[in-house]
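In this note's numbering, the protein residues as written are 10 to 149.
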């Protein structure tokens, strides 16, 4: 059984689109072991409208109870810094999107360490990160 985690982009799409989009997420994960990145959880809390906050809290409760919250460790953080330095050197990315790319790099390094595949609707950052970080991802 494949282990997967949904990037923030998929959860945001599901929240905006409602039940039909949530059904698509369920179908995508039907034969998978689903993980939640603590980085994704933080992004969801930061962007949640008051009406969606309870949904995000419930998501946290479910994954915490299942012990499937993936939290970056010290090595993930240091690898993220090294990867961002390599990206900056190659693409001269001074400042543009650095916060978002940092979050994506933390998701990628921790998922790579755990052998979890990232599913995303926004692959731009993961395409560049894959040049310097061993992890699996798919555009969903």
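Ideal Cβ placement from N, Cα and C applies to all residues, glycine included. Since the model is a prediction, treat every value here as computed from it, not as a measurement.
Measuring alpha carbon to alpha carbon, tell me which of the options ends up nearest residue i.
{"i": "residue 93", "options": "112, 77, 78 and 10", "result": "112"}
{"i": "residue 73", "options": "60, 13, 83 and 50", "result": "50"}
{"i": "residue 130", "options": "10, 17 and 48", "result": "17"}
{"i": "residue 122", "options": "100, 132, 89 and 149", "result": "89"}
{"i": "residue 120", "options": "76, 46 and 41", "result": "46"}
{"i": "residue 141", "options": "133, 126, 124 and 96", "result": "96"}
Pick helix, strand or coil for residue i, following the three-state DSSP scheme.
{"i": "residue 134", "result": "helix"}
{"i": "residue 147", "result": "strand"}
{"i": "residue 129", "result": "strand"}
If you draw a straight line from the C-alpha of residue i to the C-alpha of residue j, how long is it?
{"i": "residue 146", "j": "residue 79", "result": "15 Å"}
{"i": "residue 144", "j": "residue 138", "result": "9 Å"}
{"i": "residue 99", "j": "residue 91", "result": "12 Å"}
{"i": "residue 56", "j": "residue 44", "result": "20 Å"}
{"i": "residue 126", "j": "residue 11", "result": "8 Å"}
{"i": "residue 132", "j": "residue 15", "result": "12 Å"}
Indicate whether residue i and residue j have their beta-carbon atoms separated by less than 8 Å.
{"i": "residue 81", "j": "residue 53", "result": "no"}
{"i": "residue 128", "j": "residue 13", "result": "yes"}
{"i": "residue 19", "j": "residue 149", "result": "yes"}
{"i": "residue 61", "j": "residue 24", "result": "yes"}
Pull up the DSSP beta-bridge partners for residue i, would you.
{"i": "residue 12", "result": "42"}
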